[in-house]
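The block underneath contains the structure these notes are about, expressed in structure tokens.
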Amino acid sequence: MSRFDQLMGSVGKKQATDLPEVQEPVSPPKPLGSSSKAKGKDPNYQRTTFYIPKDIHRAFKMAALEDNLEMSDIVEDLISQWLGERHS
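Heads up: take any position in the sequence shown, counting from 1, add 1260, and you land on the working numbering.
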């Protein structure tokens, strides 16, 4: 008997009614992979690296997945918004 048998058995017993209800986002998100050209191949995009705490990265990644958005699209929108506010 594997130490994971009990865990896997409990997963199979979980009813669909036990799962939390998922709420739809208010505005329709951009679908993942909807661009005609990969950003890595697009000369109008620049790859960049920045550091954020692990807990923020994990929460950000999970929220992006839940909303069916790419993390880079969210960052692009937020930076554009911030730059616009800076010059207002």
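C-beta atoms are modelled at their ideal positions from N, C-alpha and C, and glycine is treated no differently. Remember, predicted model here, so these are calculated numbers, not experimental data.
Identify the continuous alpha helix (DSSP H) that holds residue i and give its terminal residues.
i     : result
H1317 : 1314 to 1326
E1345 : 1331 to 1346
In whole angstroms, what separates the C-alpha of residue i from that of residue j?
i     : j     : result
D1333 : I1316 : 17 Å
D1337 : Y1305 : 14 Å
A1324 : E1330 : 6 Å
K1297 : P1303 : 10 Å
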